[in-house]
Amino acid sequence: MVACAMLAALRATDELKLHLNAALNVGCDPRKMTEIFFQLAPYAGMPAVNETLQVYWEVLKERGEWPIQ
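Numbered according to this note's numbering, the sequence shown spans residues 5 to 73.
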């Protein structure tokens, strides 16, 4: 989760996509991941949050996990 937060703050979207899949594979709660990304706003800015949420949405759609249950 921390790696995902750092990659999101750095706007490293390709690496973030890999780490998101890994985090979800090991059982990280998708709702908690969403909350982590919103908490980045004061530190990384809303453009980073919006970009991260777009990547996260794509990952969830590819995995067949959207919408989050």
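Where a beta carbon is used, it is the ideal one built from N, C-alpha and C, also for glycine.
Since residue i contacts residue j with CB under 8 Å, what's their CB separation in whole angstroms?
{"i": "A48", "j": "A12", "result": "7 Å"}
{"i": "C32", "j": "M50", "result": "Going by Cβ atoms, the distance from C32 to M50 rounds to 23 Å, so no, they are not a contact pair."}
Confirm, please, whether the CB-CB distance from residue j to residue i is below 7 Å.
{"i": "T56", "j": "F41", "result": "yes"}
{"i": "V63", "j": "K36", "result": "no"}
So, for residue i: in the same chain, excluding its five sequence neighbours on each side, which residues have a beta-carbon less than 7 Å away from its beta-carbon?
{"i": "W61", "result": "W70"}
{"i": "A52", "result": "A12, A13, R15, L44"}
For residue i, which residues in the same chain have their Cβ closer than 6 Å to its Cβ, ignoring the five residues on either side in sequence?
{"i": "L28", "result": "none"}
Taking 8 Å as the limit between beta carbons, can you name the residues of its chain near residue i, skipping five residues before and five after?
{"i": "L24", "result": "C8, M37, V59, Y60, V63"}
{"i": "R67", "result": "N25, L28"}
{"i": "I72", "result": "P34, R35, T38, L64"}
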